[in-house]
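Chains as they are written, first to last, in this note's numbering: chain A, 1 to 522; chain B, 523 to 1044.
Backbone N, C-alpha and C fix where the C-beta goes; we use that ideal spot for every residue, glycine too.
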């Protein structure tokens, strides 16, 4: 039975220099046994040696004069990945992957120095089979669809890996480890596991802790033996991406209670500290990501990401991702827009356009009151970029759902919003949101703005940390095991709270004293 | 890091029945986590779950009402091989293989009951690339040859496996484990490891402890995840077959000292007890296997395996394997023949035919005195089966080499032949040899015949025991680590002893008192 000496904290894949003695007339030790003995002397315990590595040993050992460098993966069990002459100038690389349902992002890391060697993002090619992850899940009822979705996820990772090593002047074979953070469904797609029961009561994943696969098993075109580690889930609705967020926030080790929200189509909310961790997940609808808004779009070049509305004139000014003429509005822009319309008095507390409007940009299009964000001549579309009452109604539902979930979660923890030490906003979307604007529309609570922390892509960062630290992997697993899941969206209290939140900022304006003060000034 | 509870002794692959609870509204445990928790409750610790097994879980668990049987391989690390409904009438089979350079023998075993389900032997198809294993080793200098030899070994194992399951009415997929015992070179061929350094100073194998491969890695057509375990070597000249012999003999646990010899082209000799184990290996030439004798042949149908020569008439009588007309003489027949010729006084102490001969069967053929073992009309060849002075000279060298090695080994252990508690003769050849005849020609020492034990195919038996017992595998590894290798064939003492042994039975007749007595009676 293997005896594994716990190594000091460090990367999941490590390299060791070994100056072995050459065989002599009195030392016939076999090549592999000699190498493994050298590794054992470094405290590595039992190391598995795949046949393809063993077969190459005799030539490499002798060519190198028995001075070699061994690459060893520590997960799932210590395994030899490569043996090469000690002086070959290769690197030992890791690929961190944020496997998002919309975007897939990869970061290349030197596992020995921790150096960041580049980052790439591609649109998840699965989108062609459904923007919505639930649509893709249902698609898997058709034979061959799961395999297709799996192949597309792998294809995206392969594209990212190839682009990253090309840009860094390195080789794909030098990537010796992959760590993936994604939601539960995306992880199932990547591993070709049937998502059927993920969205049907009692919502049981095929796996919460995933097996560690080898790159070749998944057709990932890097070192064939490289372990592919997917961060564990807590359940159908709380994935490794959420656990990564907690890791990156550090809330799981803090004395005071914090809240973390990952805003997207599905919002995941964690409340807790080093003593407890409650997690809940619910649908805020696609509104906040721009999915149901006529001119909504992803945060990509051409998206309006920042909007202000001049209080006196009611005229907008905006910033476009990548500069140039706008094509639509992304999530952070929509929150800015709602906040601006409300603060400027163009929209009332019920979320309805004030008519007749003091702004020349409010007009009727197709029977609906609309705000003209950009004139046709200004846009890349050749038509106006509009924000209609229907769009506003959708966003009101989304922001109300979000605030309600935050309320339910903090109440479950028995804590008031203003007792929160930190309020972390995670996720690709969360990287761009302006906390003050989100407060203004009552999407998030009216607490001192300095308590808000934007974590950026905490999935990617969590995956990067796990690549560099076996302790971080252990901490992720501990976080997962400590989490208590809170059901939402079902109780009468939830519905009552939801109705109350469908105002700007809220029916109970005393909950948003600073918003009231700002609007009074406006 | 994996924590493995040492399981009680048992087979390398085991099945466990699990009556799992179905998921409920309050128990969303993932399918894999649920299964692994069930296995952990049985004391199995961390079990690796290959993706292909995980992917099949959701359907199987639900079809079986969560009452399943899990097949787990314990080596090299606990790994899930299969999950199936608890009531499916499959078996959990193991294949023991004696990977001989001439014959490859397989035995099918029910790992749960220990039941023997059949045995098959095929000629090693590598023979077409050289009868002699050294010739095959040299062939590996040519590109592609090692791959070809590997494929042939695998082909033979596949043929055996297919024939065995067909005869037993079972399925190849039910074979969940393979254990192979062979010499060091054959093990290298099977794993595609370069044998180049095995026969060149300082005689270093690529591996002594082999990695545990998966059947699919080696293209062995059974359960693709089945572990393929090859018994470890001690060095270039002492293979897993020799360790298996020691295991089967039990000499490694006995208080009194015994000797084990595996007679073949290469003879391996082990002397020892529970306190020490010396091992030596040397070439006895192909004589004893019939390789250089004109009418020598393998122990196969048509081979004369037993011969007696009537003392008065000098006429032979013989037994043929499979009955019918003879085609040649196998090793045990050759030893009988030499002993018979000597005892009947047709051959003198120097190993020369006595001329003129008292037997009508001694004649001159091609200028050489010959014994006509069978008349032309009696044989399947349509010609006489002869045993010439040249054949006799070759056998004299082989038997002298054997006796000399036995002498060197016992002297190295500081023990006299008559102090040996048991004298084990192993190997396929060893199964048929008549100990009294081998004593008569001075090939083995003149000790009480009841101390001789024929072990039969102890490689196959050792492999079978390892399949059924993880403790046996541990014992094999302990035997290997305890062995001290003794160099032979190099010293002046060796040459002197060798010269003295080139008589019948020996120049020092006092070493063979019983032979002297028998011959005097004859």
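Helix, strand or coil for residue i per DSSP?
| i | result |
| --- | --- |
| residue 514/A | helix |
| residue 142/A | coil |
| residue 775/B | helix |
| residue 151/A | helix |
| residue 648/B | helix |
| residue 852/B | coil |
| residue 620/B | strand |
| residue 338/A | helix |
| residue 491/A | coil |
| residue 174/A | helix |
| residue 721/B | helix |
| residue 91/A | coil |
| residue 939/B | helix |
| residue 705/B | coil |
| residue 528/B | In this predicted model, residue 528/B has a pLDDT of only 45, less than 50, meaning its place in the structure is not dependable; the value taken from the coordinates is given anyway. Here residue 528/B sits in coil by DSSP. |
| residue 354/A | coil |
| residue 744/B | coil |
| residue 847/B | coil |
From which residue to which residue does the alpha helix (DSSP H) around residue i run?
| i | result |
| --- | --- |
| residue 119/A | Careful: residue 119/A lies outside any alpha helix (DSSP H), inside the beta strand (DSSP E) at 116-123. |
| residue 405/A | 389-413 |
| residue 580/B | 573-585 |
| residue 318/A | Looking at the DSSP string, residue 318/A is not in any alpha helix (DSSP H); the run it does join, the beta strand (DSSP E), is 316-320. |
| residue 476/A | 470-482 |
| residue 439/A | 435-440 |
| residue 33/A | 31-41 |
Is residue i buried or exposed, if buried means 16 or more other CB atoms sit within 10 Å of its CB?
| i | result |
| --- | --- |
| residue 880/B | exposed |
| residue 59/A | exposed |
| residue 980/B | buried |
| residue 784/B | buried |
| residue 911/B | buried |
| residue 6/A | The predicted model places residue 6/A with a pLDDT of 45, which falls under 50 and marks its position as unreliable, so this point remains unresolved. |
| residue 183/A | buried |
| residue 314/A | buried |
| residue 1017/B | exposed |
| residue 268/A | buried |
| residue 226/A | buried |
| residue 786/B | buried |
If you measure from the beta carbon of residue i to each beta carbon in chain A, is any gap under 8 Å?
| i | result |
| --- | --- |
| residue 876/B | no |
| residue 758/B | yes |
| residue 723/B | yes |
| residue 900/B | no |
| residue 665/B | no |
| residue 731/B | yes |
| residue 599/B | yes |
| residue 719/B | yes |
| residue 923/B | no |
| residue 714/B | yes |
| residue 594/B | no |
Using 8 Å as the limit for Cβ to Cβ distance, is residue i near chain B?
| i | result |
| --- | --- |
| residue 516/A | no |
| residue 24/A | yes |
| residue 224/A | no |
| residue 512/A | no |
| residue 41/A | no |
| residue 134/A | no |
Assuming residue i is part of the beta strand (DSSP E), what are its boundary residues?
| i | result |
| --- | --- |
| residue 111/A | Note, residue 111/A: premise wrong, no beta strand (DSSP E); not H, not E. |
| residue 79/A | 79-85 |
| residue 308/A | 303-309 |
Between residue i and residue j, which are expected to be in contact by the criterion C-beta below 8 Å, what is the C-beta distance as a whole number of angstroms?
| i | j | result |
| --- | --- | --- |
| residue 647/B | residue 602/B | Not confirmed; about 34 Å, so no contact. |
| residue 446/A | residue 511/A | 6 Å |
| residue 188/A | residue 198/A | 7 Å |
| residue 96/A | residue 104/A | Their Cβ separation, rounded to whole angstroms, is 12 Å, which puts residue 96/A and residue 104/A out of contact at 8 Å. |
| residue 303/A | residue 274/A | No, residue 303/A and residue 274/A are not in contact; Cβ-Cβ is about 39 Å, not under 8 Å. |
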